[in-house]
Structure formats: C-alpha cells, structure tokens
Amino acid sequence: MENKNKKILLKVENASFYLNDKALIKEVSLEIKQGEIVTLIGPNGSGKSTTAKIALGIYKKIEGRVRRFTERIGYVPQKVSVDWTLPIRVIDFMSLTEDLKNDQINVALNLTGVDHLKNKSLSNLSGGEFQRVLIARAIAKKPELLVLDEPVQGVDFKGEIALYELIKKISEKLNCGILLISHDLHVVMSATDFVICLNGHVCCSGKPHTVVKDEKYKELFGDRASNILSLYEHEHDHSHSADGSIDPKK
Amino acid sequence: MFDDFFTRALIAGIGISLVTGPLGCFVVWRRLSFFAGTLAHSALLGVTMALFFEINIAFSVFIISAVLAILLLQLQKKTKLPNDALLGLLAHASLAVGLVVIGFLTSIRFDVMALLFGDILAVNQNDLLVIWLGGGLILIVLKLIWKPLFASTVNYELSEAEGMKPDKFNAIFTILTAALIAISIKIVGLLLITGMLIIPAATARNVSNNPKQMVIFSVVFGLISVLVGLFTSLKINSASGPSIITATLLLFILSLIKFKKVSDLKK
C-alpha cells in the first residue's frame, strides 16, 4: 500500500505506566503515520488518556519506549480549566504555543465555527464553545501530529458530526497523523484507519472491520456494538457544511 | 543627584515596581503567593549570613532563597504533607533560625525593624546599582521566557505536549522570584515584599481583560504605590514598606469600585 512510504510520526513500543504501584497501562504499542487516523477506544479508566499522555511525553517515568519524529504537535487535552485570575481571551489563547498571524487565527476559528468569540474571555465560554476553541488552536499551528482527547465533549449533536468531518478533512488537507480518543463508536468505525481497543492493555487492534468482529471487542462493548458498521458505514450521498447542515451533492 | 537619600529611595522604589509588576502577575496566576512569602521569610537568614560572612546582602539572600526553593522541591517528593504545610514549615523555621542567629551577632549594630519593614534611609548608591542591574536582568530573562512560561501557566500538560518544556521554565521563574526578593528587601522589607508582588497584580486583574494589559496595569499601580508610599513615609516619618503597601491597598479598594461597575454593566 501507499502507506509504506509515509513518514512515521510517533512510535510507542511496549509502554507501561505505573502510578502508586498500580499499572495504569501495560505494554501498549502503537504507531502513527502521516495522514492516518488512529483511534483509541475503551471503557472509562481503560488508560486511553494515559496512553495519549505517554505518547506526548507528559508522563515520562514509563517502561518501554516512546519516539516522536516531529515537533509540530497539536494537543486537545481532555480537560483544560483556566483560572479566573488569569485574564485571557480566545485570541491570546490561540497563540499559546506558537505565534500566529491574525488571518491564521481567523481561518482556524472559522473552521470550528467560533470566529465570533475571538475577543471573548476564555472563562466566559460554554463547554462546547471551549472545545471548539481548543480544536481551533490545535489545528491553527498546522501540526504534523494531532492528539485529540475526546475533542467534541459537550458539543451539540449537529456540531459533533461537523467537527468529526472537519477532523477528517484536516488530516487529509494537512496530511497530518491523528491520535483520536473517542467514545463515539459510530464515528470511530466510519472515520478511522486503525482502531486500538484498550482495557489497561491492548485488547485488540486493527482496521475497523476486523476489530468489530473480534470476540474481545464484543466482550468489552457488548453485541450491539458490533452491528455498528452495518448501521453506519454507508455511502455518503451528501456532505455537511461547517455548521452541520446537509449540502446535497449535485 | 544620588546624594539625597530620598532621591535614592525613589529611584530604588521605581526600579523595584517595574519588576514586581510582571513577576507579581505570574505569582498570582500560578497561585504562588504563599511560596513567594516563604522565600521572603527566608531572606532574614540570608541577611544574617551576609553580615556574618561579610558578603553582599542581596547575593546572600538570593542564595538562601534558592536553597530553600530546592529544599521545598525535595520535601514535596519525600513527604506526603500538603504544600501549604511545607511552605509554612520552611517560612517560619527559616525566619526563626534567622532571628536566633541575629542574637549571636552582638558585635554588629543591627536594625531588625528596618529589615522587616524596609528603610528608605538605608538605600545607598551600591543598592541602586544592585536593584537596577539585577532588576534589568530579571526583566530581560522574563521577557525571553515569557512565551513558554505563560503557556505552562495556562496549562502544564498542553505546554509539555507541544514542546514548551514547562519544568525548565518553572525552575527559571523560581530563580527570578528569589532574585527579586533579594534586591527588594532593603526598601520594602521582608514581611511586606509579598504584598508588593500580589496586591498591584490583584488590583490590575480587576481592570484588565488580557494578560498584557494586566502586566502593564500592575506596573502602573506598583509605581503609583511606591511614589505615594515614599512621599507619605517622608512626610509622616512612617516606615517605607508599610506606607507603600498601604498605598497598594487603597488602589485595590478603588479598583473594586470600578470592577463592580464593569460587572454591573455585564448583567
């Protein structure tokens, strides 16, 4: 396949991480290449966010090996809270780790549908608005590797679909690799290249079709979850605009 | 012109408020007020060490504060005591040890009050040099590390993930705080330097809506407080440190009125 020529961006080899002698994850391996979306799924407490943080080098005291082959990384953490004492507007936040030009900021905020919030204080945003700003910030710097930890939490249903489509579009346009953590099995199965099913360790992994047929996947998510593909892997006869509304194909 | 003690005090005070403004914002943002207070308390030990070994006071205070900061990091790793207990332990232990050691230095005439609350009469030309050179250096370093330091203040994990090396810049920030305390002990006094860091920044928060604005306002409020405080100190013969801090408090109260108006408008 053409994937063979693509640059590897991130490689995690047999990583284990212990906190107070308790293993949060054990011997997890994964690899992300350019233009590829790899998704971590698993129940609460299965080590998805931990795996992402190990991949990003936030947790350093690990067993195993992590190698990153790019420095251009965009991260949407699961939780960000900004204290009231720190007055910061959306526009200040956008350039947090990289200086951006005004129009780069505008384009990114426009893509996630929040350009009207540019001069608002971060502390005044709603949960969903804040997520959109987080995504905009991560993509504005044109990263080679995007790590998205439940990026659409708190976003309304219409917006959720639009944002996932945006994420997919961005991975194609920027040719960047994406590590996605999501609870939304529908999205995962229809939009990702590779799925890793975690439960402290890697239960099963592979292309979406293979994973849903895996016994371990069924054990973890129940029988209904394996019907997801038949339900959701449909041919698109329309596309969605940024606000989620449907544009019929001509 | 530096012959006049009051001119020297003014120049020293202005120099200090230029540095406490931006540094104080970070102290408030990062919730480090108690930490800064602990470093300041240890300054007494630093001063006694300086007198004992006959070395420069600012240098000695800086070294003791830096040692204390390292000690704190070690204690955080080795014990399970909460941070505020550790800070209290170090602050008061170092203050106590400093006071005990002073008792032994009977050969030196020594004004403890001046050390605790600042003394404008005590500022000499050498001190001015230390304040302006040291302060200038602190500001230059702060300007250089502004971006990564600010990123790690907003969110540690995000800045670590995106390669901003927060641990390194947090450590540099601690050193800058220790350095600031070292240069400002003489004029503000070690019990009140934390006030000089926090109150103008807190005042600035009430009237700002972005980080740069808050830094500028806290410098302005610091400057006003130093001027008002020092002139009052001269007029009514009060200690310089308390006079300056009282001025910062008045500004804070004024900013609350303005803040209330702004929040009312938003309703």
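Protein chains in written order, with our numbering: chain A, 913 to 1162; chain B, 555 to 821.
Where is the CB? At the ideal position from N, CA and C, for every residue including glycine.
Predicted model, so just to flag it, every value in this text is computed and none were measured.
- Here the C-alpha atom of Leu-1023/A lies approximately 21 Å from the C-alpha atom of Ile-1093/A.
- Each residue's CA atom was taken as its position, placing Leu-777/B and Asn-1036/A some 31 Å apart.
- Cβ-Cβ distances below 6 Å link Gly-795/B to Phe-671, Gly-672, Val-742, Gly-743 and Leu-746 in the same chain, with the five nearest sequence neighbours on each side left out; the list follows chain order.
- In this chain, Asp-1126/A is not harboured by any beta strand (DSSP E), its DSSP state being neither H nor E.
- With the rule of 3 Cβ pairs closer than 8 Å, the segment 986-1005 of chain A counts as touching the segment 1036-1054 of chain A.
- Where Thr-951/A is concerned, the enclosing beta strand (DSSP E) starts and stops at 949-953.
- In the three-state scheme derived from DSSP, where H, G and I count as helix and E and B as strand, Ile-1108/A is classed as strand.
- Leu-659/B and Phe-606/B have their C-alpha atoms some 7 Å from each other.
- For a Cβ distance threshold of 8 Å, residue set Glu-711, Leu-712, Ala-715 and Glu-716 of chain B lies close to Tyr-987/A, ordered along the chain.
- Straight across, the Cα-Cα distance linking Lys-1032/A with Ala-793/B is about 43 Å.
- Here Ala-645/B is buried. Its C-beta has 16 or more other C-beta atoms within 10 Å.
- Approximately 6 Å separates the beta-carbon atoms of Leu-626/B and Leu-640/B; this is inside 8 Å, confirming the contact.
- Taken in chain order, the complete alpha helix (DSSP H) segments of 4 residues or longer contained in the segment 748-815 of chain B are 765-790.
- Chain-ordered listing is empty here: chain A has no CB closer than 9 Å to the CB of Asn-724/B, the nearest sitting near 14 Å.
- Around Ala-715/B, the same chain offers no residue with a beta carbon nearer than 6 Å, after the five sequence neighbours per side are excluded.
- For the segment 990-1001 of chain A, the beta-carbon criterion of a distance under 8 Å to any beta-carbon of chain B is satisfied by Val-992, Val-994, Asp-995, Thr-997, Leu-998, Pro-999, Ile-1000 and Arg-1001.
- For Asp-638/B, the enclosing alpha helix (DSSP H) stretches over residues 637-658.
- Excluding its 5 nearest sequence neighbours in each direction, Phe-771/B has C-beta neighbours in its own chain below 7 Å: Ala-758, Val-761 and Ser-762, listed in chain order.
- Judged by DSSP secondary structure, Arg-1044/A falls within the alpha helix (DSSP H) whose first and last residues are 1039-1052.
- In this structure, Phe-1133/A lies away from Lys-1119/A, with their beta-carbon atoms at least 8 Å apart.
- Annotation: Ala-566/B to Trp-686/B spans about 8 Å, alpha carbon to alpha carbon.
- For Leu-1058/A, the uninterrupted beta strand (DSSP E) segment begins and ends at 1057-1061.
- Tyr-930/A is bridged by DSSP to Ala-935/A.
- Interface annotation, Leu-968/A: in contact with chain B, CB-CB separation under 8 Å.
- Considering only beta carbons, the part of the segment 1005-1023 of chain A lying closer than 9 Å to chain B consists of Phe-1005, Ser-1007, Leu-1008, Thr-1009, Glu-1010 and Asp-1011, in chain order.
- Taking the C-beta atoms as reference points, Leu-1110/A is found nearer than 8 Å to Gly-959/A.
- Excluding sequence positions up to five before and after Ile-726/B, its CB lies within less than 8 Å of the CB of Val-695, Ile-699 and Leu-703, all in the same chain and listed in chain order.
- With contacts defined by Cβ atoms closer than 8 Å, Ile-944/A and Leu-1060/A do not form a contacting pair.
- Beta-bridge analysis with DSSP links Arg-1001/A to Ser-1033/A.
- DSSP places Arg-979/A inside the beta strand (DSSP E), whose first and last residues are 975-980.
- Taking Leu-803/B as reference, the option from Pro-765/B, Val-769/B and Leu-751/B with the minimal CA-CA separation is Leu-751/B.
- When secondary structure is reduced to three states using DSSP, Ile-1090/A falls in the strand class.
- At a cut-off of 8 Å, the C-beta of Ser-1094/A has no neighbouring C-beta in chain B.
- Between Asn-956/A and the set Leu-942/A, Leu-1086/A, Leu-936/A and Val-1124/A, the nearest pair of CA atoms involves Leu-936/A.
- If you draw a straight line from the Cα of Leu-734/B to the Cα of Phe-981/A, it comes to about 40 Å.
- Chain A has a Cβ within less than 8 Å of the Cβ of Met-768/B.
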